[in-house]
Amino acid sequence: MQLNPYLSFNGQCEAAFKFYEQCLNGKINAVMRYGESPMADQVPAAWRSKVIHACLTVGDVELMGSDAMPEYFEKPQGFSVSLQLEDTAEAERLFDALAAGGTVQMQLQETFWAKRFGMVKDQFGTPWMINCG
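Everything in the sequence shown is counted per our numbering, starting at 21 for the first residue and increasing by one.
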């Protein structure tokens, strides 16, 4: 069994996945658009270029996502994507990259359980937890 996070976006999936590819040193493996799917004629013309499914590989984990149709989109809440690192410099780099244009919820800092821990909501509204060591 494999457990994969699946993120929903309000029309920004492609931009978010390009951002995550850069921040996380990952690789986008797949991007399928509504206009390329069997339901192409069932979505508004402006929506056909939006992402119905994307997949980004980071190490041995896949992060997946799509653009939710406007009537189905809900802002993320009640979860975070958690990144576990050993290198404090890399934790700081990742935190700063994800925080750019986003909102820091807890500054990256030493805690009783970690060399560094911080929480940020990125510019696309995805909540992240960075845990180091």
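Note that CB positions come from ideal geometry on N, CA and C, so glycine has one too.
Query	Result
Three or more C-beta pairs below 8 Å linking the region 55-73 and the region 114-123	no
Through-space distance from Leu23 to Asp80, alpha-carbon basis	11 Å
Nearest neighbour of Pro25, chosen from Ala50, Ser57, Gln32 and Phe99 [CA to CA]	Phe99
Reference Ala36; option with closest CA among Met139, Leu83 and Val124	Leu83
Extent of the continuous alpha helix (DSSP H) run through Tyr40	Cys33 to Cys43
Three-state secondary structure (DSSP) of Tyr26	strand
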